[in-house]
Structure formats: structure tokens, C-alpha cells
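For the sequence shown, our numbering assigns the number 14 to the initial residue and increments by one for each residue that follows.
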Amino acid sequence: MARAGRILILLPLIVTLAASTCWAFSVERALENPVHLAAGGEERLIYLTYASSLDDLMVAYTEYDSYAGGYGGLVIESGVDEDTVVSAVVAKDWQEVTFGVTLRWRKENDPAWLFDLGAATKVGPVNIYGGVHHIPADSWKGITDDSYLSLGASLDLSEFIAVGIDAYFLDEPRYKGYILLEALPSLKTQVYCAYGHRDWERLGIDAWLTRGAWLFYIGYMVDGDQESNLRIGIGLRL
14 MARAGRILIL LPLIVTLAAS TCWAFSVERA LENPVHLAAG GEERLIYLTY ASSLDDLMVA
74 YTEYDSYAGG YGGLVIESGV DEDTVVSAVV AKDWQEVTFG VTLRWRKEND PAWLFDLGAA
134 TKVGPVNIYG GVHHIPADSW KGITDDSYLS LGASLDLSEF IAVGIDAYFL DEPRYKGYIL
194 LEALPSLKTQ VYCAYGHRDW ERLGIDAWLT RGAWLFYIGY MVDGDQESNL RIGIGLRL
């Protein structure tokens, strides 16, 4: 647990940072469920992250289309030990519900076209969202063989703190609990723990800091094998 303890050491350091204007958005969250893309606001964003221990790179562009009245994004993920994945993500608010769709193209080892579908709504301080993931575009049979469901909910405890849990119903269900903290108007942090296979799988902390049009990201994660991963990122609002 020594490496896991580093997360607790980093937390007070991160939440003491200062900056100017309020803006934070997680492209990674939108890849988990496309409805989260709507949290990015109406400004265009170019975003890049890199994890040296995994040699993993992600490049993204997101924007709001006023003509279509919806959000869109293009994300490219590539790593030495992973397939290159290109994802097109769209989300749209309709009355009290947000709908989202992701189309993924995975190349190299196992080429495939995959869909994710999501929906979300808010009832008072409670946000509820769900999705169907890894729907193969070329095989209806694969919907039952390879696809899975997810459900999640978060509760706004105050204007600055929220807690939530996500459940992924794979062959062996996985769960992720998290706390979101807006320590400063320009700083948002997340502490999370992922659980599965009757044991914890990941423990981590993320932070998003803004200065003017710039967005800075840092994330540290420890998995169940005590392997750690540091990811850094930078974004620019256009």
C-alpha cells in the first residue's frame, strides 16, 4: 500500500493550487459514457494526454455545434501494447434527458466498428446515467455476446462536492466509486476506487486546473498489483 499512500500525499498538495477562471472537463469521462460530453460546455477544446509508464497517447477535439444543438468530439488513442482506437462522440440534450452515441474504430490486432449508447437525466441533486457498450456494428449476434450494460449515479452534496458510483455489468461486474471536489473555482479533483474480481483493481486521483484558456491535467493511479501510472495532459480552449 506504499504507492497507494502517495495518492493521499498528493491530494492536499493538489487542492492547494491556485488559478484564475473556472473550467474543467474530462474527455476520458466522455469515453466511458458519451452523455458526459455535454459537461464540456460550448467552447471548443483541443486536448492531449500522455502516460509514460504505458507509453499511451490520447489526442482529442471537442466542440458545441449551435446549428445542430449538440456536442461533438473526435478522440484518437494509441499505445505500444494497445490497438489504435478512433472514437467519434456526440451528445444532445432533449428536454430533461441527455442522449449520447460513440462510434469507435479499432484497428491493428482486431479491426472492428463498435457503438456505445448512453442516456442521462437529473432529478434534484441526483444525476442518473446508463449505457450499452461495445455494440458491434457488423454483427447483431455480438450484441449479446460482447456488449455490456453500465449504470451510474452521483449525488451533489453541495455546490463543491459530489459523490458517485458506476457499475459495469461485464461477465464479472466491476464498480467504481468516486468523490468529486471543486477545491477552487478553477480546480476540480476526483478521487476514485475501482473494484472487481472480489478485490480492488485501481485507486487513483485526478486533477484538472485552468489558467485562462489553458487546461492542465494530472492523474496518478495504482492498480491491484501495486503498479503505478502517472498521466499528464494539456488542453486549449479556442
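All C-beta atoms, glycine included, are put in the ideal place defined by N, C-alpha and C. No experiment lies behind these values; they were computed from the predicted model shown.
The beta-bridge partner set that DSSP reports for F173 is empty. Contact between the region 200 to 211 and the region 174 to 189 is present, with at least three C-beta pairs closer than 8 Å. In the structure shown, R57 falls within a coil segment according to DSSP collapsed to helix, strand and coil.
According to the DSSP assignment, A52 belongs to no alpha helix (DSSP H), since it is labelled neither H nor E. Nearest Cα to E109 within the set I141, Y80, E95: I141. Taking C-beta atoms as the reference points, L70 and G92 count as a pair closer than 9 Å. The DSSP assignment places complete beta strand (DSSP E) segments of no fewer than 3 residues inside the region 146 to 222 at 161 to 169, 174 to 182, 187 to 197, 200 to 209, in order along the chain.
Spanning the alpha carbons of I192 and M234 requires a straight line of approximately 15 Å. DSSP places L127 in the strand class (E or B) of the three-state scheme. Apart from sequence neighbours up to five positions away, the residues of its chain that approach E214 with a beta-carbon distance below 8 Å are R187, A207, Y208, D236, G237, ordered along the chain.
Annotation for E90: the continuous beta strand (DSSP E) segment containing it runs 83 to 92.
In the three-state DSSP reduction, L251 falls in the coil class, being neither helix nor strand.
Measuring C-alpha to C-alpha distances from T97 to each of V103, Y84, A125, A81 identifies A125 as the nearest.
Secondary structure of E109 (DSSP, three-state): coil.
By a beta-carbon distance limit of 8 Å, T62 does not contact I218. Their separation comes to about 15 Å. In terms of Cβ geometry, Y77 and G53 form a close pair [threshold 9 Å]. Membership of A73 in the beta strand (DSSP E) is indicated by the continuous run 69 to 78. E95 carries a strand assignment under DSSP once its states are collapsed to helix, strand and coil.
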